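Trainee:
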Ligand SMILES: [Cu+2]
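Numbering (the numbering used here), first residue to last: 15 to 91.
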């Protein structure tokens, strides 16, 4: 998954149910995260192994951002 922040605010993006492995450019060193903070203007890449069937919340962890629409469901079938 590629996350692009084209806003002027930080967004701590949280995926439920599965790890996101943050690609750092340091080879096999990929921190496993449930939440990745994406800074303004930043583009980050995370690897996800979709091994947990079901519907999972995927949202910004700032609740007023989530309430404003930064919320989606990730379905693993
Ligand atoms: Cu946000």
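Where a beta carbon is used, it is the ideal one built from N, C-alpha and C, also for glycine. Keep in mind the model is a prediction, meaning the values are calculated, not measured.
Relative to ligand 1, is the shortest distance from any of its heavy atoms to the C-beta of residue 12 smaller than 7 Å?
Mentor: For residue 12 there is no data in the structure shown, the boundaries of the chain being 15 and 91.
Trainee: State the start and end residues of the unbroken beta strand (DSSP E) segment that holds residue 69.
Mentor: Walking along the chain shown from the start, residue 69 turns up at place 55. 68-74 is the extent of the beta strand (DSSP E) around residue 69.
Trainee: Using a 10 Å radius around the Cβ and a threshold of 16 neighbouring Cβ atoms, would you call residue 48 buried or exposed?
Mentor: Position 34 of the chain shown holds residue 48. Residue 48 comes out exposed.
Trainee: List in chain order the residues whose CB is within less than 5 Å of at least one heavy atom of ligand 1.
Mentor: The filter returns 25, 74, 76 and 79, in chain order.
Trainee: Cutting at 8 Å between CB atoms, please list the residues of its own chain near residue 62, excluding the five before and the five after it.
Mentor: Counting from one through the chain shown, the residue named residue 62 turns up at place 48. For residue 62, where only same-chain residues beyond five positions count, the Cβ hits under 8 Å are 15, 29, 32, 33, 34 and 35.
Trainee: Who are residue 34's beta bridge partners in DSSP?
Mentor: In the chain shown, the residue the question calls residue 34 occupies position 20. In DSSP, residue 34 forms a bridge with 47.
Trainee: Do residue 24 and residue 53 have their C-beta atoms within less than 8 Å of each other?
Mentor: Here residue 24 is taken as the residue at index 10 of the chain shown, counted from 1. Here residue 53 is taken as the residue at index 39 of the chain shown, counted from 1. Cβ distance < 8 Å, so residue 24 and residue 53 count as in contact.
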